[in-house]
Every structure is written in structure tokens, then in C-alpha cells.
Ligand SMILES: CC(C)(COP(=O)(O)OP(=O)(O)OC[C@H]1O[C@@H](n2cnc3c(N)ncnc32)[C@H](O)[C@@H]1OP(=O)(O)O)[C@@H](O)C(=O)NCCC(=O)NCCS
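Numbering (this note's numbering), first residue to last: 15 to 170.
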């Protein structure tokens with residue numbers, strides 16, 4: 015696979031099925047293992063085809079497209095908060111997440127953000143550190159079973 019064939023573009027409604035599948039598959043494989051079963055159900059219910067369309071309408075979403083196959087996604091809202099970042103395992107380590115983050119961070123910077131916030135899954139903390147983020151507080155455990163590390167990157 016040549017990484018030049020991957021391009022980052024805005025989400026289109028017809029991507030919703032592929033994006034839902036990508037997010038749920040990668041979450042199950044890499045994030046949910048140490049979480050209670052209710053967290054997995056809560057997360058799947060929050061990332062159906064229809065929820066992905068609403069997520070795009072209430073914020074911004076970019077995808078990594080390889081000949082029509084969606085292999086990565088980033089979503090954000092409020093012009094400063096990243097809410098989803100997923101890349102298929104097979105395509106990880108090629109700079110795709112870094113490119114997706116760069117795209118949404120520069121959009122939010124143009125819109126006036128001073129900093130970007132993320133609620134990082136514990137397995138992704140080192141990725142965010144390597145792209146300039148810092149831990150804000152201790153790890154947060156939510157009632158729905160999800161666990162995250164609040165992180166921030168100042169961009170001006
Ligand atoms: C976290 C994730 C999105 C990273 O995607 P990726 O496309 O592999 O990341 P990149 O290739 O752009 O990596 C960028 C840099 O981060 C580093 N990096 C990536 N994943 C890392 C990890 N788990 N630990 C440490 N460093 C990591 C890379 O080595 C690279 O460093 P470099 O620029 O010095 O070479 C991907 O591993 C993933 O989908 N994980 C499961 C889902 C998840 O946890 N999402 C986050 C939810 S908040």
C-alpha cells in the first residue's frame with residue numbers, strides 16, 4: 015500500500031455506514047478489552063449509522079479514504095474538542111491519525127481556538143503525547159463504564 019493513495023477529506027453522508035463499522039470494530043479490538051460490558055454496549059449504541067450522521071451535523075468529521083475505503087476518522091465539536099479518532103489496525107503506524115488530527119486542529123485554529131482538548135482512551139495516551147498533548151487531570155471513570163484521560167494541546 016502506498017500512503018500517497020490515502021487522502022484526508024471531509025465526511026460525506028454516504029460514508030456513515032463505513033465510519034460506524036470502523037469505529038465499533040477498532041473500539042472492540044483495541045479499546046474495550048479492559049472495560050466493563052456496559053461500556054461496549056454504550057459505545058456501540060452511540061456510534062450507529064444514524065448517530066454518525068448526527069455527530070457530523072453537530073461538529074466536524076474528516077476521513078482517511080483509500081480508493082473509497084474509509085480507513086480512519088476524526089470527529090470534533092465546539093471548535094476545540096476531539097471526540098473520535100480511529101484508524102484500522104492494519105493501517106496504523108503510517109501517520110494517518112497524525113494527518114487527521116492536523117486537519118481538524120488547523121480548522122479549529124483558523125476558527126480561533128487557543129487549545130485543543132481530547133478525552134483520550136488509555137491506550138491512546140502515548141499517541142497524543144507524541145503529537146504534543148499533555149495530561150490535564152487524573153483518569154476519569156464514567157458511569158457508563160468508559161474511562162478516559164483528559165488531555166490538552168496549546169496551539170497558540
Ligand atoms: C491512536 C491511533 C488513532 C493512532 O493512529 P495511527 O495512525 O497509528 O497514528 P500515527 O501513525 O499517525 O502516529 C503518529 C505518531 O504517534 C506514535 N504513536 C501512534 N500510536 C502510538 C501508541 N499507541 N503509543 C505510542 N506512540 C504511538 C507514532 O509512532 C507516531 O510517531 P512519529 O510521528 O514520531 O512517527 C490508533 O492507534 C487507534 O485507532 N487506536 C485505537 C483507537 C483509539 O484508541 N482511539 C483514540 C480514542 S480517543
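We put the CB at the ideal spot given by N, CA and C, even for glycine. Here the structure is a predicted model, which means the values were calculated and not measured.
With distance defined between alpha-carbon atoms, name the residue in the options nearest to residue i.
i	options	result
residue 66	29, 45 and 40	29
residue 76	98, 123 and 64	98
residue 159	35, 51 and 34	51
residue 121	90, 27, 80 and 72	90
residue 162	135, 55 and 53	135
residue 130	80, 115 and 58	115
residue 79	88, 73 and 71	88
residue 33	124, 84 and 103	84
residue 102	142, 35 and 48	35
residue 40	27, 58 and 25	58
Could you give the first and the last residue of the continuous alpha helix (DSSP H) run that contains residue i?
i	result
residue 36	30-40
residue 125	It is not in any alpha helix (DSSP H) - residue 125 carries neither H nor E in the DSSP assignment.
Exposed or buried, residue i, counting other C-beta atoms within 10 Å across all chains shown (16 or more means buried)?
i	result
residue 147	buried
residue 68	exposed
residue 46	buried
residue 21	exposed
residue 137	exposed
residue 86	buried
residue 15	Below a pLDDT of 50, predicted positions are generally treated as unreliable, and residue 15, at 47, falls in that range; the measurement from the model is reported next regardless. Its Cβ having fewer than 16 others within 10 Å, residue 15 is exposed.
residue 81	exposed
residue 19	exposed
residue 153	exposed
Can you tell me whether residue i sits near ligand 1, meaning its C-beta is under 7 angstroms from at least one heavy atom of the ligand?
i	result
residue 171	This structure cannot settle anything about residue 171, because the visible part of the chain is limited to 15 through 170.
residue 150	no
residue 153	no
residue 69	no
residue 109	yes
residue 32	no
residue 112	yes
residue 101	yes
residue 137	yes
residue 145	yes
residue 132	yes
residue 40	yes
Who are residue i's beta bridge partners in DSSP?
i	result
residue 74	90
residue 101	86
residue 155	161
residue 79	21 and 84
residue 54	The partner list for residue 54 (beta bridge, DSSP) is empty, contrary to what the question assumes.
residue 132	96 and 165
By the DSSP assignment, the beta strand (DSSP E) with residue i in it spans what residues?
i	result
residue 161	161-168
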